[in-house]
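Here the sequence shown is numbered in our numbering, starting from 1 and rising by one per residue. All C-beta atoms in this analysis are idealised placements derived from N, C-alpha and C, irrespective of residue type, glycine included. These notes are about the structure you will find just below.
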Amino acid sequence: MELIETADDTPVDGELFEDERATNESVTIEVVADDQCASDSESTSDSEDDSDDEHRSFILTMDDGFECVARLALPCFPRYKTESEVATMQFVAERTSIRVPEVYAWDANPRNPIGAEYILMERIPGEPLNTIWKGLSLEKKKGIILQLIDVLLQLLDIEDTTLDKIGSLYKENEGYNYHVGLIMNTREYLTAVVQSQADYLKAPHASELDDREVQNGLSASSELEAISPDFFTTLKRLCLHHLDINTGNVMLQQADDTGDWNISGIIDWEAAGVYPAWSCVWCTKFIGGEGRDVETSDADNWLDADQFQQLLVETELRKFFHSETSKRSRAFRIAMDEGAKTRALDNQAIFARDYLGHVKRWISSLGSSCDVWE
C-alpha cells in the first residue's frame, strides 16, 4: 500500500482535524479497502465484493500514534448519505450496547476546504471477520453468530417513536431529536423498490443494455407492481437495520485467555435505515442468506465435494441462526414466519433487471391465489 506523509500545514491536517493536537502534527495517510480500516493486516473478501463506488476510506496516523478513519464520499447522493450515516451511528450508540465508530468530525458540504463530504471517526480495533472466518471451527463460528444475533435483536427491539416511517435516519438541527424518511407503509416501500428498478432501466447508462433486456425488465417490474396488493396490506412492525452485515463490516478481537473471538464493533452504516421488520430477518450473507438447505444424503448429487461441504456447514449455521433467534425473540419469529412471501416478492423486485426469466417464472407459479400478509 502506498503511504503518503503530508506536511503539517496541508488541508488534510489543518481542516479534517478540529482539535489543537492534530493541527500541530504531521499525518500519515494510508489508502485502504473499507474493511481494513480497523486492521493493519491484509484482508480478502469471503464472498462479498468490498469495492465501493460511493466513498473512499483512509487511515490517518498522527505522530503520537493516534489513528482514526476518514471516509470521503464521492459525489453521489449528495449530503443525504453522509448525514444519515452520522445520525445512524449516533442513534445506535445512544440506544444500544453495540459498538459503532465514534464520530469526531464531519461535513456534508462538498464545498468545504477538503473538497468532499467526509466523516472523521474512530478506528475500531480488531480484525475484520473475513480474515479469520474460513479457518474457524464450527463451534467458533456459532459463537460469533450468537454475538451477531445479539446485534440484530438489539436493533429489532429498539422502541422509539422516531422509527415511525421507512427510510434513512437523520438528526434534526444537530439536536437530540431524529426523524426518518417519507415512506409510510409497506406497500409504498415495495412500490419504491420496484420503481427504482424501472428507473434504472430508463436511465442513460441503460443504453449499454440490449433493448429487449430493457423492455423485459420493465415488463417484469410492471407485473410485480400489479400483484403487490395481494402481498401487502397494512404496515406492521418497523425496525432499524444495518442492511450490510458482511464479513468485512464485523470487527473482532481474540481473547487472550480462551482464544475466542469477540465482536469489537460493527462498521459501515451508510446503507442502514428503518425498514419493515419482515425485511430485517434474513440470515447474513456469509452463511448463505436464505439459500438452499442440503443434507448429507445429497452428496451424490454434487460434483464439487468442497462446495457441498461448504453448503453443509452453511445449512447447519443457518438452522442454528433461526433456532436461536426464534427462541430469543417472538418479534423475530413472527417477522420471519409471516413475512416469508413478502420477502420473496421484495427479492424478485430487486432481481427484476438481472434475472428476468426467473422473475417471470416466479410470477407465473403464483397463479391466482396469494395469501395476504396482515
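Let's test the definition: count the other Cβ atoms within 10 Å of the Cβ of Tyr176 and tell me whether it reaches 16, buried, or not, exposed.
exposed
Should the segment 320-339 be regarded as contacting the segment 300-311, the criterion being three or more beta carbon pairs within less than 8 Å?
no
What does a CB cutoff of less than 7 Å around Met89 pick up in its chain, not counting 5 residues either side in sequence?
Val100, Pro101, Val103, Trp269
Beta-carbon separation of Glu172 and His179 under 8 Å?
yes
Rank Leu146, Gly126, Asp150, Ser137 by C-alpha distance to the C-alpha of Asn249 and give the top, closest one.
Gly126
What is the DSSP secondary structure of Asn301, reduced to helix, strand or coil?
helix
When burial is assigned at 16 or more other CB atoms within 10 Å of the CB, is Pro75 buried or exposed?
exposed
For the segment 274-286 against the segment 326-340, do three or more pairs of beta-carbon atoms, one drawn from each stretch, fall closer than 8 Å, so that the two count as touching?
yes
The segment 153-164 in contact with the segment 137-145 per 3-pair CB rule at 8 Å:
no
Please report how far the alpha carbon of Asn130 lies from the alpha carbon of Thr247, in whole angstroms.
5 Å
May I ask which residues mark the beginning and end of the alpha helix (DSSP H) holding Phe91?
80-95
With 16 other CB atoms within 10 Å as the buried threshold, where does Glu159 fall?
exposed
For Ser329, the three-state DSSP class (helix, strand or coil)
coil
Is the beta carbon of Glu117 closer than 8 Å to that of Ala73?
yes
Report the three-state DSSP secondary structure of Glu127 (helix, strand or coil).
strand
Consult DSSP for Trp106 and reduce its assignment to one of helix, strand or coil.
strand
is_contact[Thr162, chain C] using C-beta, thresh 8 Å:
The chain labelled as chain C is not found in the depicted structure, where only one protein chain is given.
Chain-order list of residues whose beta-carbon lies under 7 Å from that of Leu182 (same chain, five-residue window excluded)
Lys165, Gly167
Out of Val294, Ala331, Asn301, point me to the one whose CA is closest to Glu316's CA.
Val294
What's the gap between the Cα of Ile98 and the Cα of Val92?
7 Å
Please return the same chain residues whose Cβ sits closer than 6 Å to the Cβ of Ala335, not counting the five positions on each side in sequence.
Ala277, Trp278, Val281
Classification of Arg318 by the beta-carbon crowding that lies within 10 angstroms, buried from 16 upward:
buried
Considering only C-alpha positions, which residue in the set Ser57, Arg333, Ala108 is nearest to Pro78?
Ala108
On the criterion of 16 or more Cβ atoms from any shown chain inside 10 Å, does Gly259 qualify as buried, or is it exposed?
exposed
One or two residues paired with Leu169 in a DSSP bridge:
Val180
Would you call the CB atoms of Ile119 and Trp106 closer than 8 Å?
yes
Write down the C-beta distance between Leu272 and Asn262 rounded to the nearest angstrom, noting that I regard them as a contact closer than 8 Å.
The residue you asked about is not Leu; residue 272 is Ala in the sequence shown. Incorrect: roughly 22 Å between the Cβ atoms, too far for contact.
Leaving out the 5 sequence neighbours to the left and right, which residues in its chain are closer than 8 Å to Gly289 when beta-carbon positions are compared?
Trp282, Cys283
Between which two residues does the beta strand (DSSP E) carrying Ile266 extend?
261-266
For Leu252, which of helix, strand or coil comes out of DSSP?
strand
Between Arg56, Ser196, Leu148, which has its C-alpha nearest Arg328's C-alpha?
Leu148
Looking at the structure shown, is Gly143 part of a helix, part of a strand, or coil, going by DSSP?
helix
Cys68 beta carbon less than 8 Å from that of Leu163:
no
Grab me the residues of Arg56's own chain with a C-beta within less than 6 Å of its C-beta, minus the 5 sequence neighbours each way, in chain order.
Leu72
Through-space distance from Leu252 to Gly143, alpha-carbon basis
12 Å
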